[in-house]
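The sequence shown begins at 2 in the working numbering and counts up one residue at a time.
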Amino acid sequence: MKKFNIRKVLDGLKEQASSSASSGQSGTQENNLMQETLQSENFQLCKTVRHGFPYQPSSMAHDPVQKILAIGTQSGALRLFGRPGVECYCQHESGAAVISLQFLINEGALVSALADDSVHLWNLRQKRPAILHSLKFNRERITFVHLPFQSKWLYIGTEKGNIHIVNVESFTLSGYVIMWNKAIELSSKAHPGPVVHISDNPMDEGKLIIGYESGIVVLWDLKSKKADYRYTYDEAIHSVAWHHEGKQFICSHSDGTLTIWNIKGQGKPFQTITPHGKQPKDGKKPEPCKPILKVEYKTTRLGDPFMILSGGLSYDTVGRRPCLTVMHGKSTAVLEMDYPIVDFLTLCETPYPNDFQEPYAVVVLLEKDLVVIDLAQNGYPIFENPYPLTIHESPVTCCEYYADCPVDLIPALYSVGSRQKRQGYSKKEWPISGGNWGLGTQSYPEIIITGHADGTVKFWDASAIMLQVLYKLKTAKVFEKSRNNKEEKQNTEIVDEDPFAIQIMAWCPESRMLCVAGVSANLIIYRFSKQEITTEVVQLLEVRLQYEVNDMESPPEGGGGGDRDLPTPGAASPSPQTTGPPTHPSSSSNSSDGVRDNVPCLKVRSTPLKQSPGYQVDLVVQLVWVSGEPPQQITSLALNSSYGLIVFGNSNGLAVVDYLQKTVLLNLGTVELYGSNDPYQRQPRSPRKTRQPSGGLCDINEGSASEDRCKSPTSDYRDNSFSRSRSSSVTSIDKEAREAITSFHFCETFARKGDSIITPCLYVGTSLGTVLAVALNLPPAGEQRLLQPVIVLPSGTLGRLKGSILRMAFLDNTGTFLPPAFELWYEPNAVGADSEERDKARKRRPVSVSPSTSQELQESQYAVVCSEKQAKVIALPSQNCIFKHSITETSFVLRADVVQMNIGNCVACFCANGHIMTLSLPGLRPLLDVNYLPLTDMRIARTFCFTNLGQAMYLTSPTEIQRITYSQETCENLQEMLGELFTPVETPEAPNRGFFKGLFGGGATSLDREELFGEMQAGKASRGLAQHIPGPQGLEGMKGAASGVVADLARARIALDERGQKLGELDERTAAMLASADSFGKHAHDMMLKCKDKKWYQF
2 MKKFNIRKVL DGLKEQASSS ASSGQSGTQE NNLMQETLQS ENFQLCKTVR
52 HGFPYQPSSM AHDPVQKILA IGTQSGALRL FGRPGVECYC QHESGAAVIS
102 LQFLINEGAL VSALADDSVH LWNLRQKRPA ILHSLKFNRE RITFVHLPFQ
152 SKWLYIGTEK GNIHIVNVES FTLSGYVIMW NKAIELSSKA HPGPVVHISD
202 NPMDEGKLII GYESGIVVLW DLKSKKADYR YTYDEAIHSV AWHHEGKQFI
252 CSHSDGTLTI WNIKGQGKPF QTITPHGKQP KDGKKPEPCK PILKVEYKTT
302 RLGDPFMILS GGLSYDTVGR RPCLTVMHGK STAVLEMDYP IVDFLTLCET
352 PYPNDFQEPY AVVVLLEKDL VVIDLAQNGY PIFENPYPLT IHESPVTCCE
402 YYADCPVDLI PALYSVGSRQ KRQGYSKKEW PISGGNWGLG TQSYPEIIIT
452 GHADGTVKFW DASAIMLQVL YKLKTAKVFE KSRNNKEEKQ NTEIVDEDPF
502 AIQIMAWCPE SRMLCVAGVS ANLIIYRFSK QEITTEVVQL LEVRLQYEVN
552 DMESPPEGGG GGDRDLPTPG AASPSPQTTG PPTHPSSSSN SSDGVRDNVP
602 CLKVRSTPLK QSPGYQVDLV VQLVWVSGEP PQQITSLALN SSYGLIVFGN
652 SNGLAVVDYL QKTVLLNLGT VELYGSNDPY QRQPRSPRKT RQPSGGLCDI
702 NEGSASEDRC KSPTSDYRDN SFSRSRSSSV TSIDKEAREA ITSFHFCETF
752 ARKGDSIITP CLYVGTSLGT VLAVALNLPP AGEQRLLQPV IVLPSGTLGR
802 LKGSILRMAF LDNTGTFLPP AFELWYEPNA VGADSEERDK ARKRRPVSVS
852 PSTSQELQES QYAVVCSEKQ AKVIALPSQN CIFKHSITET SFVLRADVVQ
902 MNIGNCVACF CANGHIMTLS LPGLRPLLDV NYLPLTDMRI ARTFCFTNLG
952 QAMYLTSPTE IQRITYSQET CENLQEMLGE LFTPVETPEA PNRGFFKGLF
1002 GGGATSLDRE ELFGEMQAGK ASRGLAQHIP GPQGLEGMKG AASGVVADLA
1052 RARIALDERG QKLGELDERT AAMLASADSF GKHAHDMMLK CKDKKWYQF
């Protein structure tokens, strides 16, 4: 354990500033050796779990015995889902789109085919699935893949129309090939197109049906290697499906028709159906419809079969949403979907294709959702989806992550959130129920909060690497719905779209107070209540916050309300507005030349607001237009429940709001915080100058400053720091640059250099690297807090760093983290006895973990400050910098947090170059530096956040949250925490053939595929056709299969497989030797007969 001698550090400062050094040294005389408990071996970076809907899905498969669902995406990702809480993410290295997935049913394996013409075998018998084998086709493009149930031979159809056969155990090609010209022969003069379908007859494995895109279907006899029948239709085929008895099949076509064929009637279809076509009275063909992209034909033992299809709507249904059609007997149900259909699968009771299918549900994969329909109930209700797939319901604009929350918080949020659930779901259990949960040892509560473009805020339970939505808050309810008045919108709103988007959130888990900042320069403060109330009038404060540098003035000495005489006037009245949002007459909102003034961007609703249990609005704060200048978007926000204060800032300045008394306490431009000590030479700026974009969540492009209006908040980052000049100099300022407020921290500390007592303070960080202190003089708790004013007084500069200030925190003289003071939650709407309890709670002194205010000077503190470039530890009250670390020279920090680990504290940083770093406290020693990912997406920059106990998260795509850990302990326990996908399940018994079928034949006939496709019969495949690539683990990978019983079963099975494989190889070698001996004997006998009667001279 390394020890830092602070005395030596301060001795070095003595020569330059003896007085400062002595005051700093006096605070460390009793404890001059501060031990750092965290070492580099306590840190390790790894991904833990990915949540959310698979981004840009492309294919899907289902294992009906294991009850597992697999989804492939266009970026080569693979997501596997079992019972709620059992899910897994894998990635193909090439990143090519997954075009087809096939389970080896009940075998714990999956075959994936990619758009780069590679086929892969995944082992699902381990907690983190791995590739066992790969096969890369060189000459042909893969278009379709089919693996029959309980077969080890995989059929692969290609763009050239050929079919190749792969042994999935060895991943080698068979010499057996079905060539397109042999399949169609003279039935067509032209090439039939790519293979769009392959499947074997359910009753005869020796008969294979092949569908070609042009409309030709071939019934191929595998044994005789020729076509039995050919079926031709003049419309392109999209899919084919069998009746379970193997006597009929159905095709879907590009003109919206379905054709049903008898296998022995090849002339024309037995029946043609146009499900959505209008039938003309004169008997002509119905009008063509949109293509039917897929059809499935499923039979039931007691009723009519189901025909389920996607697409096929008539062309005159313009603007109609995508539909899934379920045809059952004479009824046809058209089920509208919210997004385009990617694929669908019918879930059936049996895995055997030659039995009555008994369908019970349909899984529909949409572009942005997964829907499961219950086929057994009238009206086809959908199942309630238990997976966290609604993260992207509205695009995520910001998020926060909290670990080790109060234990009563998740139950409280769940109880109010459970009332928000929709009705009308299927009453049955979720049908995808495979796998087993992990045995997690982490038990602390974790909560993720996501803010969205439509103004919603969602709370998620993220404990034990799971994710479940707890509660959803709609902030847009506070505002009037925007009318379609384009002129008015353009004049008042500062964003083109999504005016309610959430930009920043501040939350106090202990008091449950929540504050959200919107993209339209508005703040909403919420209290948590378990009781429903109706708010007659939403309380509103309006604030004028304008950047205008005139003659420099030092800040006034008094604190005081919003009526102070300042260069940028504080607009809000000290008393709350009780008549709802102000309606400004045209004379006050527009000056004589039409300049807008005192107008907010959004109108707060004037009608009563019914508020359900949960988060209820307490106060709305809005920035208003000033002399034709729109308000700048809010860049930083902080909340303190102990003090009853909210502070927010933007590129103009900051405002402090007392949400208990509903008043603005301070409204200052950034310049005025410095007073007479401003180190920068600033140029006055005309308020009518062409405004810069508001920063907000704009696209970050070089030169974006020329854009007049901010883009959608969903497009990118909340801070415009990407486009700012990154000069290392902190003594000069560009004439046009504004000094934005970038961070806040409430604390109980020393307000000024050399102070002897600690007081409540607000520390302010700016975009130019300055840290400023603001002293807070609070009235006593209880009634006096509501009657006497809070005095707010800027009290000087703490220090300067390179780059924008990102995070501040405080440690005591032993290095222990000092969290801000907080108030415990109480029911705000309590009545009777409950209200007495509430009043008692409010009179109690707020919980403060800072040292007592009567402490003497030597009990010093340490301020930890992190900017885009540097980290510093500053001793208080001497304000000496005792440790300093340059985090990055070539890049800049996007997110920094001071986090608590199990045995100490550290600074965690995420840089724009993709590095994740941790620094010790207070010594700022580098403990971890990993080049985690190149920052290719501003979404990651905007949503990355660290939290306590080594957890972090970010949005890896618009629909998915990736969670990671930087804790060695969590990495070691991860294997136990992960769920198991594969569980030992008996395969159902094959259907009974029945007495008469057994007696007279007519049941399913099997095929010895091994004999037909094996090397002895079929020969070797062409060498250059495909390249075999063994997986990183090969057969050894399966030996690392899951733990416990599953592992033992898996190992026993592998041992049997290996033994069988070796015996098979021995048999093959013995057979080959016998054949060779026979051949040698035959040749010797022939030679003897030939030479028998010859004389010596005839040789």
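A virtual CB, placed ideally from N, CA and C, is assigned to each residue, including glycine.
**Report entry** Top-ranked residue by Cα proximity to H453, from A776, Y445, E401, F911
**Finding:** E401
Query - Completely contained alpha helix (DSSP H) runs for the region 960 to 990, where each covers 4 or more residues - result: 969 to 978
Requested in this report: Check Y213 in the structure and name its three-state DSSP category.
Outcome: strand
Query raised in the report: Thinking C-alpha only, which one of W826, T300, K285 is nearest V408?
Result: W826
Report task. Write down every uninterrupted run of the beta strand (DSSP E) in the region 239 to 295 whose length is 3 residues or greater and which is fully enclosed by it, in chain order. Result -> 249 to 254, 259 to 263, 272 to 274
Report task. On the DSSP bridge assignment, give the partners of E297 in chain order. Result -> I309
Query raised in the report: Secondary structure at D222, three-state DSSP: helix, strand or coil?
Result: strand
Query raised in the report: Does DSSP put P412 in a helix, a strand or coil?
Result: helix
Report task. Taking the CB atoms as reference points, tell me whether C406 and P510 lie closer together than 7 Å. Result -> yes
Query raised in the report: Alpha carbon to alpha carbon, how far is L310 from T258?
Result: 11 Å
**Report entry** Nearest residue (CA-CA) to P323, options K331, P306, L294
**Finding:** L294
Requested in this report: Check whether the region 235 to 243 touches the region 203 to 216, taking contact to mean three or more Cβ pairs, one atom from each stretch, closer than 8 Å.
Outcome: yes
**Report entry** Integer Cβ distance of F501 from D455, believed to fall under 8 Å
**Finding:** 6 Å
Query - Rounded C-alpha distance that separates R126 from A518 - result: 47 Å
Requested in this report: For the beta strand (DSSP E) holding Y156, just list the boundary residues, first then last.
Outcome: 154 to 159
Requested in this report: Measure the C-alpha to C-alpha separation of R896 and A639 and round it to an integer number of angstroms.
Outcome: 16 Å
Requested in this report: Please classify I100: is it buried, with 16 or more other beta-carbons within 10 angstroms of its beta-carbon, or exposed?
Outcome: buried
Requested in this report: Could you tell me whether the region 220 to 231 touches the region 242 to 249, where touching means 3 or more Cβ pairs closer than 8 Å?
Outcome: no
Query raised in the report: For D930, which residues from the same chain have a beta carbon less than 7 Å from its beta carbon, with the 5 sequence-adjacent residues on both sides left out?
Result: H916, M918
Query raised in the report: Ends of the alpha helix (DSSP H) at F345?
Result: Per DSSP, F345 belongs to no alpha helix (DSSP H); it is in the beta strand (DSSP E), 342 to 349.
Report task. Report all residues from its chain with a CB closer than 6 Å to the CB of A1; omit the five preceding and five following residues, and keep chain order. Result -> Nothing about residue 1 can be read from this structure; the chain reaches only from 2 to 1100.
Query raised in the report: Who are the Cβ neighbours of T300 in its own chain at under 7 Å, not counting the five residues just before and after it?
Result: H244, H245, P306, F357, Q358
Query raised in the report: Which one or two residues does DSSP pair with L111 in a beta bridge?
Result: F104, W123
Query raised in the report: Taking the C-alpha atoms as reference points, what is the distance between G804 and L674?
Result: 19 Å
**Report entry** Cβ neighbour criterion (16 or more within 10 Å) applied to G1082
**Finding:** exposed
Report task. Within the same chain, show all residues whose beta-carbon is closer than 6 Å to that of M467, passing over the 5 residues directly before and after it, in chain order. Result -> G86
Requested in this report: Sort V899, T743, L105, G645 by Cα distance to Q785 and report the nearest one.
Outcome: G645
Query raised in the report: Just to confirm, are Q103 and A62 a CB contact at a threshold of 7 Å?
Result: yes
Query raised in the report: Around the Cβ of Y426, are there at least 16 other Cβ atoms within 10 angstroms (buried) or fewer (exposed)?
Result: exposed
Report task. For the beta strand (DSSP E) holding L1, just list the boundary residues, first then last. Result -> What the structure shows of the chain is the stretch from 2 to 1100, and residue 1 is not part of that stretch, so it cannot be assessed.
Query raised in the report: DSSP on D1079, reduced to helix/strand/coil?
Result: helix
Query - CB-CB length for V899 against R808, believed under 8 Å - result: 6 Å
Query - Beta-ladder partner(s) of C882, from DSSP - result: I875
Report task. Kindly indicate which three-state DSSP category E890 falls into: helix, strand or coil? Result -> coil
Query raised in the report: Quick one: what's R808 bridged to in DSSP?
Result: C867
Query - Endpoints, beta strand (DSSP E) assigned at M514 - result: 514 to 519
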